[in-house]
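Below is one structure; the comments refer to it alone.
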C-alpha cells in the first residue's frame with residue numbers, strides 16, 4: 014500500500030496499492046465501499062477532491078485517472094506522460110489536477126475533460142511530487158535532481174528554484190496561508206522556504222536517515238517530518254527548533 018488518505022469530512026479512507034487498485038473504505042467500520050481498478054500497473058498515489066466527491070490516482074502505467082469516489086467509475090483519463098506518474102492532486106475547486114512524473118515533467122490538466130493545460134518542464138530528473146498552493150495560483154514540484162520549484166499555475170513560468178538539498182527531494186507541502194513551503198529530502202533534512210522569494214527560512218536538522226515526508230500543522234506554526242530513521246519529529250516552523258521526537262516504530266516512517 015503506497016498511500017492512504019482521509020476524505021475531507023473524515024468519513025472515508027482511500028488507499029493506493031501495488032495490487033493495481035485503489036480502494037475506498039468506511040473510516041469508522043473498515044468496510045470497503047468502492048474499488049478503483051487499474052489493470053495496467055500499480056497505483057502510486059491517491060487524493061480526494063476538496064468536496065470528497067472524486068478521487069485522482071497516479072499510476073505506473075504513465076497515466077492519472079479521475080474517479081467517482083462513490084461508484085468507483087472512471088470520469089477522466091489523463092494520458093500523455095512518458096514515465097510513471099508518481100503523484101497527482103486537485104486544486105481547491107477541483108477544476109484542475111497536477112501530476113508528477115518520472116519523465117521529468119509535471120503537467121496541469123482539466124479535471125473534467127482530461128485535456129493538458131500546461132507542461133511544467135525544467136527539472137533535470139524525475140519529478141517526485143507536485144501540489145497546488147491553497148489558492149491554486151502556484152504549484153510546487155520536487156525532483157530527484159535535488160531541487161524543488163515553484164511555478165505559476167496559469168502560465169507555467171518558474172517563479173523560484175529551491176536549491177540547497179544534497180540529494181533527491183521526495184516531497185513538499187505549502188503552509189496553510191501559502192506563504193511558505195517545506196521540503197523533505199533524502200539528504201536527511203527538511204527545509205522551510207519563502208514562496209515569493211525562494212529564500213531559506215529554516216533548516217530542520219536531526220534525523221539520521223532520509224526524510225520521507227513533511228507537512229505543516231493547520232495553523233502553520235509547526236511541522237511534522239517522517240524519516241527512514243524510524244522516527245517522526247515535530248519542529249517549530251519559524252525557527253527550525255526541534256520540539257519532539259516521536260520514537261517507537263521499528264521501521265521507516267513514510
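In the working numbering, the protein residues as written are 14 to 267.
Note that beta-carbon positions come from the ideal geometry of N, C-alpha and C, so glycine has one too.
* DSSP state of residue 97, grouped into three classes? -> In the chain shown, counting from the first residue as 1, residue 97 sits at position 84. Note: residue 97 maps to coil in three-state DSSP.
* Asked: Does the Cβ of residue 134 have 16 or more other Cβ atoms within 10 Å, making it buried, or fewer, making it exposed?
  -> Sequence index remark: in the chain shown, residue 134 carries index 121 (1-based). By the 10 Å Cβ count, residue 134 comes out exposed.
* **Buried versus exposed, by CB contacts within 10 Å (16 or more), residue 163** => Reading the chain shown from its first residue, position 150 is the one you call residue 163. Residue 163 is buried by the Cβ-count criterion.
* To do: Can you give me the start and stop residues for the beta strand (DSSP E) that residue 144 sits inside?
  => By 1-based counting over the chain shown, the position of residue 144 is 131. Start and end: 140 to 145.
* Rounded C-beta distance between residue 214 and residue 203? I'm assuming under 8 Å. -> Here the question's residue 214 lines up with position 201 in the chain shown. Here the question's residue 203 lines up with position 190 in the chain shown. At roughly 11 Å, the Cβ-Cβ gap does not stay under 8 Å, so residue 214 and residue 203 are not in contact.
* **residue 198 (DSSP reduced to helix, strand or coil)** => For the purposes of this step, residue 198 is identified with residue 185 of the chain shown, where counting begins at 1. Three-state DSSP puts residue 198 in a strand.
* Asked: Given residue 28, which residues of its chain have a CB within under 6 Å of its CB, disregarding the five upstream and five downstream residues?
  -> As a first step, residue 28 must be located in the chain shown, where it is residue number 15. These residues qualify, in order along the chain: 14, 17 and 36.
* To do: With DSSP as the reference, label residue 171 as helix, strand or coil.
  => Sequence index remark: in the chain shown, residue 171 carries index 158 (1-based). If DSSP states are grouped into helix, strand and coil, residue 171 belongs with the strands.
* **Separation of residue 187 from residue 143, as counted between CA atoms** => To locate residue 143, count along the chain shown from 1; it is residue 130. To locate residue 187, count along the chain shown from 1; it is residue 174. Looking at the two C-alpha atoms, the distance is approximately 11 Å.
* Secondary structure of residue 190, DSSP reduced to three states -> Taking the chain shown and counting its residues from 1, the one referred to as residue 190 is at position 177. Three-state DSSP puts residue 190 in coil, outside helix and strand.
* Asked: With distances taken between CB atoms, is the gap from residue 112 to residue 77 smaller than 8 Å?
  -> Here residue 112 refers to the residue found at position 99 when the chain shown is read from its first residue. Here residue 77 refers to the residue found at position 64 when the chain shown is read from its first residue. Against a cut-off of 8 Å, the Cβ pair of residue 77 and residue 112 comes out as a contact.
* **Nearest residue (CA-CA) to residue 165, options 151, 157, 155 and 255** => Position 152 of the chain shown, counted from the first residue, corresponds to residue 165. Cα-wise, what sits closest to residue 165 is 151.
* Asked: Do residue 55 and residue 31 come within 8 Å of each other at the CB atom, strictly closer than that value?
  -> For this step, residue 31 is matched to residue 18 along the chain shown. For this step, residue 55 is matched to residue 42 along the chain shown. Yes.
* Measure the CB-CB distance between residue 160 and residue 176 and report whether it falls below 8 Å. => Working through the chain shown from its first residue, we reach residue 160 at position 147. Working through the chain shown from its first residue, we reach residue 176 at position 163. Taking 8 Å as the Cβ cut-off, residue 160 and residue 176 qualify as a contacting pair.
* Asked: For residue 112, does the three-state DSSP call read helix, strand or coil?
  -> As a first step, residue 112 is located in the chain shown; it is residue number 99 there, counting from the start. Looking at residue 112 - three-state DSSP - the assignment turns out to be strand.
* For residue 58, which three-state DSSP category applies? -> Within the chain shown, numbered from 1, the residue matching residue 58 stands at position 45. Strand at residue 58.
* Asked: Thinking C-alpha only, which one of 233, 183, 222 and 212 is nearest residue 190?
  -> On the chain shown, position 177 is the one that residue 190 refers to. Nearest option by C-alpha distance: 233.
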